[in-house]
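To keep things clear, I will list the structure first and then write my remarks on it.
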Amino acid sequence: MGRASGALGSVEEFLKRCQHSGDAAYAELRSLLELLEDPITRTETRIFLAELQRRFESRNASEQCLQTYHFQIQEVYLEQYAGFQKRKKLPMIVIPSIFMPEDWSFTFYEGLNRHPDSDFKDKIVAELGCGNGWISIAMAEKWLPSKVYGLDINPRAVKISWINLYLNALDEKGQPIYDQEKKTLLDRVGFHESDLLSYCSDNQIELERIVGCIPQILNPNPDAMSKIITENASEEFLHALSNYCALQGFVEDQFGLGLIARAVEEGISVMKPSGIMIFNMGGRPGQAVCKRLFERRGLHVNKLWQTKILQAPDTDIAALVEIEKNSPHRFEFFMGLAGDHPICARSAWAYAKAGGHISHALSVYSCQLRQPTQVKKIFKFLENGFDDVSSSLDLSFEDDSVADEKIPFLAYLADVLKEISFFPYEPPAGSRQLRSLIARFMKTYHHIPLHADNVVIFPSRTVAIESALLLLSPQLAIVDEQLSRHLPRQWITSLNIEKKERGMRSAQAITVIEAPCQSDLMIEMIKKLKPEVVFTGIAQFESVTSSSFEHLLNVTKEIGCRLFLDISDHFELSSLPCSNGVFKYLAGNTLPSHAAVVCGLLKNQVYSDLEVAFVISEEETMFKALCKTVELLQGNTSIISQYYYRCIFHELLAFQLTDRHMAPQRICDNQGVDDGFASSTAFSILDHAELAVDDPDGDTLVHMDVDQSFLPISTPVKAAIFESFARQNITEPETDIKHGIQQLIYSNYGFPANRDAEFIYADSVVALLSKLILCCIHEGATLFFPTGSNGNYVSAAKFLNANVVSIPTDPEHGYKLTEKTLARALDTVAKPWIYISGPTISPTGLLYSNDEIDKLLSVCAKSGARVILDTSFSGAEFDSEEVKGWNLEPTLAKLSSTNSNFCVFLLGGLFNKMLSVGIGFGFLVIDRPSMAETFRSFGGLSKPHSTVKYAVKNLLDLREKKTTDLSNAISKQTEILRSRYKQLKQMLESCGWEVLGAQSGISVVAKPAAYLGKPVRIMEISGDGMQEMKVDESNIREAVVRSTGLLINSPAWTGIPGYCRFTVAVEDREFERALDCILKFKSFQVK
1 MGRASGALGS VEEFLKRCQH SGDAAYAELR SLLELLEDPI TRTETRIFLA
51 ELQRRFESRN ASEQCLQTYH FQIQEVYLEQ YAGFQKRKKL PMIVIPSIFM
101 PEDWSFTFYE GLNRHPDSDF KDKIVAELGC GNGWISIAMA EKWLPSKVYG
151 LDINPRAVKI SWINLYLNAL DEKGQPIYDQ EKKTLLDRVG FHESDLLSYC
201 SDNQIELERI VGCIPQILNP NPDAMSKIIT ENASEEFLHA LSNYCALQGF
251 VEDQFGLGLI ARAVEEGISV MKPSGIMIFN MGGRPGQAVC KRLFERRGLH
301 VNKLWQTKIL QAPDTDIAAL VEIEKNSPHR FEFFMGLAGD HPICARSAWA
351 YAKAGGHISH ALSVYSCQLR QPTQVKKIFK FLENGFDDVS SSLDLSFEDD
401 SVADEKIPFL AYLADVLKEI SFFPYEPPAG SRQLRSLIAR FMKTYHHIPL
451 HADNVVIFPS RTVAIESALL LLSPQLAIVD EQLSRHLPRQ WITSLNIEKK
501 ERGMRSAQAI TVIEAPCQSD LMIEMIKKLK PEVVFTGIAQ FESVTSSSFE
551 HLLNVTKEIG CRLFLDISDH FELSSLPCSN GVFKYLAGNT LPSHAAVVCG
601 LLKNQVYSDL EVAFVISEEE TMFKALCKTV ELLQGNTSII SQYYYRCIFH
651 ELLAFQLTDR HMAPQRICDN QGVDDGFASS TAFSILDHAE LAVDDPDGDT
701 LVHMDVDQSF LPISTPVKAA IFESFARQNI TEPETDIKHG IQQLIYSNYG
751 FPANRDAEFI YADSVVALLS KLILCCIHEG ATLFFPTGSN GNYVSAAKFL
801 NANVVSIPTD PEHGYKLTEK TLARALDTVA KPWIYISGPT ISPTGLLYSN
851 DEIDKLLSVC AKSGARVILD TSFSGAEFDS EEVKGWNLEP TLAKLSSTNS
901 NFCVFLLGGL FNKMLSVGIG FGFLVIDRPS MAETFRSFGG LSKPHSTVKY
951 AVKNLLDLRE KKTTDLSNAI SKQTEILRSR YKQLKQMLES CGWEVLGAQS
1001 GISVVAKPAA YLGKPVRIME ISGDGMQEMK VDESNIREAV VRSTGLLINS
1051 PAWTGIPGYC RFTVAVEDRE FERALDCILK FKSFQVK
């Protein structure tokens, strides 16, 4: 027989060599495969196999072969044809160390048969856990797929599968068997050693069908599964691979389904969008658990086939008994095949031990991604170090409309978190992209030609209403009773409607009269009371036409009153939104200058309380004033919340062609209302405050003038953000952050929170401070700020018309507050409030030591002062070796009985300590119930959404556990700040600036000593040329930005004579640009 005969010898010699052991039999079969792989010896080897097969044709002979020679040749029957034709069968070799064809695989093949032939024809298919390869070969034989990849982690299974492939691809004479397309099984099938789909992933193979019949019982000996898998491993170990799976790190591990869970997630990454996955699922964990495994990963599930099979006697279910012992879950078994009432694993184990036969359901599930492109993006993101988050992912939805909203957002968020290393700067008035999308939506769906500069974003509708009232400070306002419920209690209980001079007014003097949401009644009240501001909605029955809206516009214009119309109830986030009278009017008329439109976005499908609001104004003065007001009183609207609605608006606009219709001609109402608001104190303060500078192009300015961090987002923060949105049905304990905040403030500052202490949370620290300022005004107190405090905070207090007094600080003490200057200041007033930033002082970056804060608080206690202790800029100390941390507990205990008026409000966030970039969050601790009650009475606080609190709790838990990832990220950020400070200090000093040494925080202050009183060349406002400007403290900010594009804060903002503020927590590229700008500014100095 030539070379093959020489290598194999006779059948008897071959069998004799196999007889020694299973390993010997495998060695002989492997040699046989080598001959099959060689085209020269292939024919003779296949003839040899035919002779070997005839030797054991009967079932008894086949069984005897397994016992004696450690291998077996079986015939697997595929189909029963009708009539006289015989069964179609495949000859297959099996060995003890691989999974033999039995009920599991036969049931699985029956399930595959439920698919129409077209589902596999010409498709690229992978079979997981192929065993001896019979299913892969059968699929290729029946459905003619383009390619079948048979994959198994057991190297012996792969070798035997190749032998079986040759056994069926060649006839008994060793000649190729061609199908109707003139191809053989060798053209269609290949077998590869692979841990699940790793072979396809490593070789970038995109699959159209993935099928698998893989283990679903946790290995009773987990240590055994950690061994390196080689074909020389023991037969027992290799066979265990077919029955048991190790822990995979998935929540489904507790049901023994971890391996299938991993297979599904790997399948999502390598499967084409239209692909289908088909898995055999044992019903032991319960049908609901099996189905949920697929659904929570974004798959539609179809059960193709179900039967019962006897539990294999060689599979130990003790691991399932142990799971039941330690959890409330109960597995499902049956007594025999006829039993229809499920019993738990423990009962099944006992019944089997007593000699009974137990069975379990066996189902075949076909699954297809419901939104394949988006789901694939989500899992691609999770592959990059976010494995833990996948356990929280839940993409199962009873309502398709919910899925259509949430899945695209999660994919969008995954893209954002994957692509960006930091959250980019967004104007306080709202993301320009979101504002543009809202304007486009109004133009596309309602034919109202708005622009981004007509739209201002607020955290909520209530905040928008309250902010507008604080901006306008009307003596009397009428507010729709549906809109007034969260306004300050003092406003809606006041009876003070006597007119005062506008300059004498404050937030405390506003009186709000509630009125019904019915235009005729509202108009009657407007005519009688003649308010200065009106907030109202329109009843549903009145919204059909524009007449009610036009009547309101005319009446308010006649009496010189501002009108804010709420359209929240009539605004639909839909591709088929209903129109209404307001939109019809605005499609043909510009919004009059005295009117604005308010809309709260709450009607999303998924997060019913995740709110963002917008205000539309076509009057430039009011638009700019509202932009500045939200910045001063709120800081920024949560960027993630804006992303959410940005995604929704984008989905509603993405399929539409842009600018397909000409902008309608609208009637312009340019006649304004002379209400005197534009000349009020609030408007004046806004004009003089150093707030955000509009940058339409988005990248021409370098922002070193904002209290935000643009440092890299750490992996723990990204994971916390994504998981908070991926979860469904978050429970209240999972968002309870009180304990974590208590631990944070005690471990960092030694601040004790007693039983009466109230913890209040908001979207930002700025929002909490604004409410505290209102409390100060309510008490008729004086609010002290040390010079060298945050300029925006001082401006906010002045904007709210608080009685603000500055306490001078001096260079000798690094512009820190000292006990002597503090005592002198507090002795001058009866009701003092004092703002102190610490341990890190913002913006100077110096630190108050424990001894220094002890002395300052002692002075405050003697005067009965209320202390706002702002820790929100602390936690990023990069040069604090000489300054010990705070321990406020003994100090506060000592001072508690000094003066009954003395109390400390602890204000803070996770800004630096937890690297919570992108998570809008602030906290306030009030340990006086009466003050907490006063604070709550002002209402209108934009509270963090449950997703934010969930993310914060995760980060707090990581901090408490001192996890390596978070600790390393904090260390990395600290090192970045240290390096940035040194680089900036060096550059400033080399360019003639005097730098005040910093120890912590994100900002540096420096004096332009070489420039004050000297001329520099700056760009003309028109941009056509250059002009000279003599630099002084009042114009240094303008000089720097007009000559270089670098935005800094001037001495007017810092309060320190001559010193400007630079924020160092900018993105790498922006920091390099900033250094270049400083150098460039030096070159513009006129010699």
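Residue 1 is where the sequence shown starts when you use our numbering, and the numbers rise one by one after that. Even for Gly, the Cβ is constructed at its ideal location relative to N, Cα and C. Computed from a predicted structure; not experimentally measured.
- Residue 835 is bridged by DSSP to 868.
- If you look at residue 803, you'll find it in the beta strand (DSSP E) that goes 803–807.
- By the C-beta density criterion, residue 196 is buried, having at least 16 other C-beta atoms within 10 angstroms.
- Within 10 angstroms of the beta-carbon of residue 54 lie fewer than 16 other beta-carbons, which makes it exposed.
- Relative to residue 194, the option among 156, 867, 17, 111 whose CA is nearest is 156.
- In this structure, residue 434 lies away from residue 465, with their beta-carbon atoms at least 8 Å apart.
- When 586, 595, 644 are compared, the shortest CA-CA separation from residue 606 is found for 644.
- Of 941, 593, 950, the smallest CA-CA separation from residue 732 is found for 950.
- By the criterion of a C-beta distance shorter than 6 Å, residue 617 is surrounded in its chain by 596, 623, once the five residues flanking it on both sides are discounted.
- Look at residue 963 here: in three-state DSSP terms it is coil, with no helix or strand label.
- Judged by DSSP in its simplified three-state form, residue 494 adopts coil rather than helix or strand.
- The criterion of a C-beta distance shorter than 8 Å is not satisfied by residue 771 and residue 685.
- In the DSSP secondary-structure assignment, residue 363 is bridged to 281, 306.
- One Cα belongs to residue 1053, the other to residue 556, and the distance between them is close to 38 Å.
- The DSSP assignment places 547–558, 581–588 as complete runs of the alpha helix (DSSP H) inside the stretch 538–609, in order along the chain (cut-off: 4 residues).
- Between residue 320 and residue 163, the CB-CB gap reaches or exceeds 8 Å.
- Considering only 905, 486, 1018, the residue with the shortest C-alpha distance to residue 460 is 486.
- When beta bridges are read from the DSSP output, residue 905 appears opposite 868.
- By the Cβ neighbour-count rule, residue 860 is buried, with 16 or more other Cβ atoms within 10 Å of its own.
- Three or more beta-carbon pairs separated by less than 8 Å link the stretch 476–486 to the stretch 525–541, which places the two stretches in contact.
- Taken in chain order, the complete alpha helix (DSSP H) segments of 4 or more residues contained in the stretch 172–213 are 185–188, 198–202.
- When the beta-carbon positions are compared, residue 90 and residue 134 come within less than 8 Å of each other.
- Boundaries cannot be given for residue 119, as no alpha helix (DSSP H) includes it and DSSP labels it neither H nor E.
- CA-to-CA, the gap between residue 316 and residue 88 works out to about 35 Å.
- In terms of CA proximity to residue 114, 363 leads the group 875, 363, 137, 198.
- In this structure, the alpha-carbon of residue 280 lies about 29 Å from that of residue 179.
- DSSP places residue 1028 in no alpha helix (DSSP H) but in the uninterrupted beta strand (DSSP E) bounded by 1026–1030.
- Residue pairing from DSSP places residue 761 in a beta bridge opposite 923.
- Looking at the DSSP output, residue 613 bridges to 458, 600.
- Straight across, the Cα-Cα distance linking residue 350 with residue 942 is about 58 Å.
- When beta bridges are read from the DSSP output, residue 92 appears opposite 74.
- DSSP places residue 343 within a strand segment (E or B) once states are collapsed to three.
- With fewer than 16 other Cβ atoms inside 10 Å of its own Cβ, residue 547 counts as exposed.
- In the three-state DSSP reduction, residue 299 falls in the strand class (E or B).
- A direct Cα-Cα distance of roughly 22 Å separates residue 958 from residue 729.
- Under the DSSP definition of a beta bridge, residue 149 partners with 126, 190.
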